[in-house]
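Peer 1: If you count the sequence shown from 1, position 80 lands on 156 in our numbering, and the numbers rise without skipping.
Note that beta-carbon positions come from the ideal geometry of N, C-alpha and C, so glycine has one too.
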Amino acid sequence: MKSKPTALSDEQLLSACRHQAQEGTAFLDTKLAEERRKVTQYYLGKAPLPMREGGSKFVSQDVYLSVETMKAEIVETFGAGSKIVQFSPQGPEDIVPARHATAYCEYAVHRRNDGLLSFQDIVHDGLTCRAGIAKVFWDRREDVDVYRLKGVPYEQASVQLSQPNVRLTGKPKVTEGPNGEPLIDAEYEVVTDCSQVTFEAVPPEEFIIGGRTRKLDKARYLAHRYRCTLGELVEDGYDMELVYSITTGDDDLALDTEVMQREEDTLTGLYSDDDFPDEASRMVTVYESYIRIDALGTGSQQLWRVVHCGDVMLDKQRVSDHPFLAYVPQPIPHTFWGNNFAARTIPHANTKTTLTRAILEQAVEATNPRWQVARGGVANPRELLDNRRGGVVNVRDVNSSVAPLPQSPINPFVLQTIQMVDSDREDTTGISRLSQGLDKKALSHQNSKGLVEHLSDASKTRTKVIARNFALQFVSQLYLKVYKLALENESQKQMLEIGGEFVPITPAAWKARRDVSVDMSLGYGERDQVVADMADLHQALQGSPKMARVYGEKQAYNLWRDTLNIKGVKNVADYLADPETLGPPEQDPKQQAEIAKLQKEAEVMERQQALREQQVMDTIARENAELEWKRLTGQADMAARQQAEDRKDRETANRIDIALAELELALHAQITAAPENTKLTAIASPNS
Numbered sequence: 077m078k079s080k081p082t083a084l085s086d087e088q089l090l091s092a093c094r095h096q097a098q099e100g101t102a103f104l105d106t107k108l109a110e111e112r113r114k115v116t117q118y119y120l121g122k123a124p125l126p127m128r129e130g131g132s133k134f135v136s137q138d139v140y141l142s143v144e145t146m147k148a149e150i151v152e153t154f155g156a157g158s159k160i161v162q163f164s165p166q167g168p169e170d171i172v173p174a175r176h177a178t179a180y181c182e183y184a185v186h187r188r189n190d191g192l193l194s195f196q197d198i199v200h201d202g203l204t205c206r207a208g209i210a211k212v213f214w215d216r217r218e219d220v221d222v223y224r225l226k227g228v229p230y231e232q233a234s235v236q237l238s239q240p241n242v243r244l245t246g247k248p249k250v251t252e253g254p255n256g257e258p259l260i261d262a263e264y265e266v267v268t269d270c271s272q273v274t275f276e277a278v279p280p281e282e283f284i285i286g287g288r289t290r291k292l293d294k295a296r297y298l299a300h301r302y303r304c305t306l307g308e309l310v311e312d313g314y315d316m317e318l319v320y321s322i323t324t325g326d327d328d329l330a331l332d333t334e335v336m337q338r339e340e341d342t343l344t345g346l347y348s349d350d351d352f353p354d355e356a357s358r359m360v361t362v363y364e365s366y367i368r369i370d371a372l373g374t375g376s377q378q379l380w381r382v383v384h385c386g387d388v389m390l391d392k393q394r395v396s397d398h399p400f401l402a403y404v405p406q407p408i409p410h411t412f413w414g415n416n417f418a419a420r421t422i423p424h425a426n427t428k429t430t431l432t433r434a435i436l437e438q439a440v441e442a443t444n445p446r447w448q449v450a451r452g453g454v455a456n457p458r459e460l461l462d463n464r465r466g467g468v469v470n471v472r473d474v475n476s477s478v479a480p481l482p483q484s485p486i487n488p489f490v491l492q493t494i495q496m497v498d499s500d501r502e503d504t505t506g507i508s509r510l511s512q513g514l515d516k517k518a519l520s521h522q523n524s525k526g527l528v529e530h531l532s533d534a535s536k537t538r539t540k541v542i543a544r545n546f547a548l549q550f551v552s553q554l555y556l557k558v559y560k561l562a563l564e565n566e567s568q569k570q571m572l573e574i575g576g577e578f579v580p581i582t583p584a585a586w587k588a589r590r591d592v593s594v595d596m597s598l599g600y601g602e603r604d605q606v607v608a609d610m611a612d613l614h615q616a617l618q619g620s621p622k623m624a625r626v627y628g629e630k631q632a633y634n635l636w637r638d639t640l641n642i643k644g645v646k647n648v649a650d651y652l653a654d655p656e657t658l659g660p661p662e663q664d665p666k667q668q669a670e671i672a673k674l675q676k677e678a679e680v681m682e683r684q685q686a687l688r689e690q691q692v693m694d695t696i697a698r699e700n701a702e703l704e705w706k707r708l709t710g711q712a713d714m715a716a717r718q719q720a721e722d723r724k725d726r727e728t729a730n731r732i733d734i735a736l737a738e739l740e741l742a743l744h745a746q747i748t749a750a751p752e753n754t755k756l757t758a759i760a761s762p763n764s
């Protein structure tokens, strides 16, 4: 039958966490813990043990030397100021914020936290325990200063006690002053928020990972178990009633063999954590579990943080991410745990120890041989045990009474075998005498400097791969977690030195990031080569006329600023000035005079050119005016002639009209004045 998802109770969630913790602890304590204890014995030079009583106690330090040499190579590369990890800008407008984010993360890692020491611990655990684990979290802490007021006027005391960071530790006492004014007696605390990003190495016996997984982000269960007092749990903000309900038997790490092994050379006597009489000092083992489980009954798994000790659940909350980071120097595909770098050198240490002990014991026996004595040949056998110089041994026969006991000679191939073991260890670890500068044969006259450097670089190839794993697996992810925690929790403005100048940085205004860039070219003594290449680039760009337009003062400043940063010089402003902050450059007086002369000549030439242009314009204007006058004069003459013609036409028409009118009048007069049948005659004249 199919069942629907249901929400889990607190008891069921606690039971799931305890079950996963028990399974993970059983695996770690039975397999990996035994391997780690063995490696620690060899690293401390306590194994292998002497084969017989009175034999040589020489122990090869191959495990110690391999681990420390590899650790020094990696830690030196990622020390403070290396700037190997940087945030990549997500656009042109993100160049400056990305630089600020890189500076903040470096400040948080190397100044707020002891980054170099933590790197050493994590790399050491990775080389000796298959994986080095770190925990990154936002540590909420307060710095408390206690002050007292005694006989302070009421107004002044009110101002002091009303500050937002002031916390009263008791009830103020009001007294009356000599003039009747109220006086305040009080004790208060000034609380300063010192919360910050914290990261620390997690001891291997305290880390638990459950299930088959390749990456921490995909693990079903992760946990950090640690010892602390009940009082520390109360200070961390857990409920006091729950804390003091924890039983006395809930201390799983009280007698952990790995802890005792690491501290057996430094602790004197039998140390017990139960020596304190107060209950707040009682030690318990707390489990901070991160489990992927469907606690809400939604059908999908969520990541939950559950803090518990024994049968008591101190806290639970849903989270978006876990605080753990892992460094696996020699990863194995498809599994979380990689190879154990140190364990690979144990066979070489055993072989070298055995052969060296044989040589030493043979040398001791040759110096202090055993004697064969004929029965009755020595009067007092005790005289043979006395090794004082000039001691006398009374014998019966000088030739036959006493003789050294014959012993087999040392195998002549022992030294060659030791050299072969050393060579095999170099092949196994990738650490050669040449890369450490210990091979004097490499500096013979037959080998050039370039050949020696080439062989040295080739011998570091495996070391570089292990270091690159540290950069990609751990350091880059560390910067991302620090950035995310600062974005979510850092509310105060920070003043950081960037390029020799103090710049205000506000992490709360940043945007989310998901990637960083890792530059591995600045490690293993290659910084000087990079600086030399950048200097050559400057010379090439500065000396090329074709690059004058694209390589100016600002570009040269950026190049030399980055060069000084690579060399570890932080106060760049003490040596270089940003061209954008400078005014126009001051010129030489001679150059200024020459420039002034050239400017005057240019002004004269400009005025002459302007005069010539004006003359040309005046000539053109005069010619245009003359043409316009001729045009207007022609138009006027034509208009006058036209008017004369029109006048003549009008005069002619007028005379015609007058003549016609006179004719009509004459006809009319004749008709009206003459008798009937009278014949009329008239003469038409154009001048009439």
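Just list the residues that DSSP pairs residue 261 with in beta bridges.
Peer 2: In the DSSP output, where bridge partners are listed per residue, residue 261 has 249.
Peer 1: Under 9 Å between the Cβ atoms of residue 501 and residue 421?
Peer 2: Yes, Cβ-Cβ distance for residue 501 and residue 421 is below 9 Å.
Peer 1: Given a threshold of 16 other Cβ atoms within 10 Å of its Cβ, counted over all protein chains shown, does residue 728 qualify as buried or as exposed?
Peer 2: Exposed, since its Cβ has fewer than 16 Cβ neighbours within 10 Å.
Peer 1: Using a Cβ-Cβ cut-off of 7 Å (strictly less than) and excluding sequence neighbours within five positions of residue 264, which residues of its own chain qualify?
Peer 2: Cβ neighbours of residue 264 beyond the five flanking positions: 223, 237, 242, 243, 244, 245.
Peer 1: Quick check: residue 304 and residue 360, are their CB atoms within less than 9 Å of each other?
Peer 2: For residue 304 and residue 360, yes; Cβs fall inside 9 Å.
Peer 1: Sort 139, 315, 97, 92 by Cα distance to residue 504 and report the nearest one.
Peer 2: Among 139, 315, 97, 92, the Cα nearest to that of residue 504 belongs to 139.
Peer 1: Any chance you could list the beta strand (DSSP E) runs of at least 3 consecutive residues sitting entirely within the segment 305-370, in chain order?
Peer 2: Taking only runs of at least 3 residues, the beta strand (DSSP E) segments lying wholly in the segment 305-370 are 359-369.
Peer 1: Taking the alpha helix (DSSP H) that residue 391 falls in, what are its first and last residues?
Peer 2: Unbroken run through residue 391 is the beta strand (DSSP E), 388-394; no alpha helix (DSSP H).
Peer 1: Comparing alpha-carbon positions, which option in 583, 560, 551, 611 lies nearest residue 192?
Peer 2: The candidate whose alpha carbon is nearest that of residue 192 is 551.
Peer 1: If residue 96 sits next to residue 367, beta carbons under 8 Å apart, how far is it from one beta carbon to the other, in whole angstroms?
Peer 2: With 8 Å as the limit, residue 96 and residue 367 qualify as a contact, their Cβ atoms being about 6 Å apart.
Peer 1: What residues match up with residue 172 in a beta bridge as DSSP calls it?
Peer 2: Residue 172 pairs with nothing; no bridge assigned.
Peer 1: Let me make sure I understand the geometry here. Which of 590, 403, 566 has the alpha-carbon closest to that of residue 581?
Peer 2: For residue 581, the nearest C-alpha among the options comes from 566.
Peer 1: Three or more C-beta pairs under 8 Å: does that hold for the segment 331-339 against the segment 113-133?
Peer 2: With a cut-off of 8 Å, the segment 113-133 and the segment 331-339 count as touching, because enough Cβ pairs lie within range.
Peer 1: Tell me where the beta strand (DSSP E) around residue 61 begins and ends.
Peer 2: As displayed, the chain neither begins before 77 nor continues past 764, which places residue 61 out of reach and without an answer.
Peer 1: Note down the Cα distance separating residue 450 from residue 462, rounded to an integer number of angstroms.
Peer 2: Rounded to the nearest angstrom, the two C-alpha atoms are 18 Å apart.
Peer 1: May I ask you to report which of helix, strand or coil DSSP gives residue 166?
Peer 2: Correct three-state label for residue 166: coil.
Peer 1: When the distance is taken between beta carbons, is residue 294 closer than 9 Å to residue 397?
Peer 2: Not a contact, by the Cβ cut-off of 9 Å.
Peer 1: Would you call the segment 402-420 and the segment 201-212 touching, i.e. three or more CB-CB distances under 8 Å?
Peer 2: A contact exists between the segment 402-420 and the segment 201-212.
Peer 1: Using 10 angstroms around the beta-carbon of residue 615, count the other beta-carbons present and answer buried if the total reaches 16, otherwise exposed.
Peer 2: Residue 615 comes out exposed.
Peer 1: Would you report the Cα separation of residue 733 and residue 726, rounded to the nearest angstrom?
Peer 2: If you take the alpha carbons of residue 733 and residue 726, they lie about 10 Å apart.
Peer 1: How long is the line joining the alpha carbons of residue 130 and residue 212, rounded to whole angstroms?
Peer 2: Roughly 50 Å separates the two Cα atoms.
Peer 1: Quick check: residue 403 and residue 209, are their CB atoms within less than 9 Å of each other?
Peer 2: A contact, by the Cβ cut-off of 9 Å.
Peer 1: When you compare only the Cα positions, how much space is there between residue 640 and residue 654?
Peer 2: Spanning the two alpha carbons is a distance of roughly 14 Å.
Peer 1: Residue 236 bridges to which residues according to DSSP?
Peer 2: Residue 236 is not bridged to any residue.
Peer 1: Under 9 Å between the Cβ atoms of residue 185 and residue 555?
Peer 2: Yes, the Cβ-Cβ distance between residue 185 and residue 555 is below 9 Å.
Peer 1: Can you tell me which of 329, 564, 307, 240 puts its alpha carbon nearest to the alpha carbon of residue 357?
Peer 2: The shortest C-alpha separation from residue 357 is found at 307.
Peer 1: Using the Cβ count rule (16 or more neighbours within 10 Å means buried), how would you classify residue 648?
Peer 2: With 16 or more other Cβ atoms within 10 Å, it is buried.
Peer 1: Using only the alpha-carbon positions, how far apart do residue 408 and residue 645 sit?
Peer 2: Between residue 408 and residue 645, the C-alpha separation is close to 39 Å.
Peer 1: Have a look at 373, 311, 498, 287 and flag the residue whose alpha-carbon is nearest the alpha-carbon of residue 410.
Peer 2: The shortest C-alpha separation from residue 410 is found at 287.
Peer 1: Among 240, 268, 457, which has the Cα closest to the Cα of residue 221?
Peer 2: Nearest C-alpha to residue 221: 268.
Peer 1: Per DSSP, residue 88 is paired with what?
Peer 2: None; residue 88 has no bridge partner.
Peer 1: Distance, Cα to Cα, residue 301 vs residue 188?
Peer 2: Cα-Cα distance, rounded: 25 Å.
Peer 1: Just to confirm my understanding: we take residue 262, look at its own chain, exclude 5 residues before and 5 after, and list those with CB closer than 6 Å. What are they?
Peer 2: Counting only Cβ-Cβ distances below 6 Å, and skipping sequence neighbours, we find 225, 248.
Peer 1: In angstroms with no decimal places, state the Cα-to-Cα distance between residue 636 and residue 495.
Peer 2: When rounded, the distance between both Cα atoms is 48 Å.
Peer 1: Should residue 526 go down as buried or exposed, given a rule of 16 or more other Cβ atoms within 10 Å for buried?
Peer 2: Confidence is the limiting factor: at residue 526 the pLDDT is only 49, short of 50, which leaves the residue's position unreliable and the question unanswerable from this model.
Peer 1: Kindly indicate the opening and closing residues of the beta strand (DSSP E) around residue 195.
Peer 2: It is not in any beta strand (DSSP E) - residue 195 instead sits in the alpha helix (DSSP H) that spans 191-205.
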